[in-house]
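Novice: Have a look at this one before I ask anything.
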Amino acid sequence: MNGQLGVHALRFAYGRGAQELFDGFTHDFEPGAVTALTGPSGRGKSTLLYVLGLLLTPTSGTVTLDGVAVSGASDAVRAGLRAKRVGFVFQDAELDPTRRVLDSVLEPALYAGHRRADLLPRATALLERFGLAERAEHKPGQVSGGQAQRLALCRALLNEPAVILADEPTGNVDRANAALVLEAFTDAAHEAGRTVVVATHDPFVLERVDAVVTL
Ligand SMILES: Nc1ncnc2c1ncn2[C@@H]1O[C@H](COP(=O)(O)OP(=O)(O)OP(=O)(O)O)[C@@H](O)[C@H]1O
1 MNGQLGVHAL RFAYGRGAQE LFDGFTHDFE PGAVTALTGP SGRGKSTLLY
51 VLGLLLTPTS GTVTLDGVAV SGASDAVRAG LRAKRVGFVF QDAELDPTRR
101 VLDSVLEPAL YAGHRRADLL PRATALLERF GLAERAEHKP GQVSGGQAQR
151 LALCRALLNE PAVILADEPT GNVDRANAAL VLEAFTDAAH EAGRTVVVAT
201 HDPFVLERVD AVVTL
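Numbering (UniProt numbering), first residue to last: 1 to 215.
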């Protein structure tokens, strides 16, 4: 259950005739470490996060979770693994505009089967930690881009996933908040032993992570 995430001989194309990405990329992302994915725009950093998060299926090659090949599993099995084991911090996190910030934060963990009453104290503490406590009753349409990104982080952390996948998590936030976000990932990896993979161009992040993988 430790969240060791591997890719082996990975290739992916968005469709017939589309550019093939990854050229047989093989890597193990270790629990307890924050790994940055970097490289020129268009190499497939975001796509790799989707593949690692079992949202996209490799054209060839495998994704393993704790040594078990999971990329070829049924939709239902992959959906279950995503809900229980993976936390996504994505830029285009589709936040329901009709739902309050607090409910957005609770949603993935409720979906994964936790009880609202058990989650509330930690959800409130996370919103506080990331400066969103005053926004708890707002709708996502009423928060800034940086706040939405921190909201996505709270959503991911609440569920205590074995694996955290983040796409440019400091892209929209100022230095102070970038430090806060990075600290959250570092704690998740070093203290809770989670596997954290962050796609980023941000030198501030690249200089501070445990490992850097260049695509
Ligand atoms: N939904 C999609 N359908 C078809 N092609 C796509 C899709 N998403 C991305 N691509 C293409 O796949 C390639 C990899 O895109 P991706 O967004 O993963 O790169 P990236 O390294 O994350 O780039 P950036 O640093 O600009 O975010 C690009 O050529 C892109 O145009």
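In this text, a Cβ means the ideal position worked out from N, Cα and C, and glycines have one as well.
Bear in mind that the values here come from a model prediction, so they are computed numbers and not experimental data.
Using only alpha-carbon positions, find the residue among 85, 30, 149 that is nearest to residue 6.
Specialist: Nearest of 85, 30, 149 to residue 6, Cα basis: 30.
Novice: Cβ of residue 45 versus every heavy atom of ligand 1: is any distance shorter than 7 Å?
Specialist: Checking every heavy atom of ligand 1 against the Cβ of residue 45, one is found closer than 7 Å.
Novice: Taking 7 Å as the cut-off, is the beta-carbon of residue 171 closer than that to any non-hydrogen atom of ligand 1?
Specialist: No - ligand 1 has no heavy atom lying nearer than 7 Å to the Cβ of residue 171.
Novice: For residue 70, which of 4, 212, 210 has the nearest alpha-carbon?
Specialist: It is 4.
Novice: Classify residue 46 as helix, strand or coil using the three-state DSSP reduction.
Specialist: Helix at residue 46.
Novice: Whole angstroms is fine: what's the gap from residue 189's alpha carbon to residue 164's?
Specialist: If I take the Cα positions, the gap works out to 9 Å.
Novice: Ignoring anything shorter than 4 residues, give me the alpha helix (DSSP H) runs that lie fully in the stretch 1 to 71, in order along the chain.
Specialist: Counting whole runs of 4 or more residues, the stretch 1 to 71 contains the alpha helix (DSSP H) stretches 45 to 52.
Novice: What separation, rounded to the nearest whole angstrom, lies between the Cα atoms of residue 49 and residue 184?
Specialist: Roughly 19 Å separates the two Cα atoms.
Novice: Rounded to whole angstroms, what is the Cα-Cα separation between residue 90 and residue 171?
Specialist: The straight-line gap from Cα to Cα measures roughly 11 Å.
Novice: Hey, would you say the C-beta of residue 21 is under 7 Å away from at least one heavy atom of ligand 1?
Specialist: It does: the Cβ of residue 21 is within 7 Å (strictly closer) of some heavy atom of ligand 1.
Novice: Considering only C-alpha positions, which residue in the set 22, 17, 130, 106 is nearest to residue 10?
Specialist: Looking at the Cα atoms, 22 is the closest of the given residues.
Novice: From which residue to which residue does the beta strand (DSSP E) around residue 120 run?
Specialist: Unbroken run through residue 120 is the alpha helix (DSSP H), 116 to 129; no beta strand (DSSP E).
Novice: For residue 137, which residues in the same chain have their Cβ closer than 8 Å to its Cβ, ignoring the five residues on either side in sequence?
Specialist: Answer for residue 137: 100, 101, 102, listed in chain order.
Novice: How big is the Cα-Cα spacing for residue 174 and residue 2?
Specialist: Taking the straight line from one Cα to the other gives about 32 Å.
Novice: Please classify residue 98: does DSSP put it in a helix, a strand, or coil?
Specialist: Here residue 98 sits in coil by DSSP.
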